[in-house]
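**Q** Below you'll find the structure I mean.
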């Protein structure tokens with residue numbers, strides 16, 4: 001270390017130029033003209049040429065490891081009535097809605113018991129009765145997340161439920 005060297009103070013946000021050295025004490029002047037006294041072991045020389053000739057080596061970032069458990073596609077539940085019973089014409093509208101509601105609740109219980117994190121409920125686009133029933137059931141449940149007021153609330157025929 002010599003007079004005129006640019007130095008930085010260790011563990012402080014301070015740098016300056018060496019103006020005086022007496023034994024182990026160094027007097028520095030910062031860019032604003034203030035002077036400070038430090039011992040030599042609290043200072044480090046800033047060498048601007050140190051990194052100029054060093055090659056920059058960029059290492060490829062390793063891919064993030066994603067658990068297979070959380071990378072699964074969601075379980076799908078299609079509430080279209082013809083997929084739930086053999087003879088859909090044998091039921092009136094109220095019975096259909098009750099059967100669809102029971103199937104929804106049964107599937108949600110299955111997901112919780114088997115620690116399934118995502119469930120895709122397909123309710124279809126129609127007059128909105130089934131969609132309203134699905135959202136009413138979901139509103140009454142705890143520890144779930146779903147998009148209840150999204151942009152495509154009335155246009156999409158499904159809702160994705162995440163179990164917490």
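In UniProt numbering, the protein residues as written are 1 to 164.
Virtual Cβ for every residue (Gly too), placed ideally from N, Cα, C.
Helix, strand or coil for residue 9, going by three-state DSSP, please let me know.
**A** Taking the first residue of the chain shown as 1, we reach residue 9 at position 9. Strand, per DSSP.
**Q** How would you call residue 131, buried or exposed, if buried means at least 16 neighbouring beta carbons within 10 angstroms?
**A** Here the question's residue 131 lines up with position 131 in the chain shown. Residue 131 comes out buried.
**Q** Hey, could you find the ends of the alpha helix (DSSP H) residue 31 is sitting in?
**A** On the chain shown, residue 31 is found 31 positions in, with the first residue counted as 1. Taken as a continuous stretch (DSSP letters only), residue 31 belongs to no alpha helix (DSSP H), as it is neither H nor E.
**Q** Are the region 6 to 24 and the region 37 to 46 touching, with three or more C-beta to C-beta distances below 8 Å?
**A** Yes, the region 6 to 24 touches the region 37 to 46.
**Q** For the candidate residues 112, 114 and 134, whose alpha-carbon lies nearest to that of residue 121?
**A** The count along the chain shown starts at 1 and reaches residue 121 at position 121. Nearest C-alpha to residue 121: 134.
**Q** Between which residues of its own chain and residue 81 is the CB-CB distance below 8 Å, once the five residues before and five after are set aside?
**A** Along the chain shown, one-based indexing puts residue 81 at 81. If we look at residue 81 and ignore the five residues flanking it on each side, its Cβ neighbours are 88, 91, 96, 99 and 100.
**Q** Which full runs of the beta strand (DSSP E) of 3+ residues lie inside the region 34 to 60, going along the chain?
**A** List check, beta strand (DSSP E) in window: 35 to 39 and 43 to 45.
**Q** Over what stretch of residues does the alpha helix (DSSP H) that includes residue 18 continue unbroken?
**A** Taking the first residue of the chain shown as 1, we reach residue 18 at position 18. Run containing residue 18: none in the alpha helix (DSSP H); it sits in the beta strand (DSSP E), 15 to 22.
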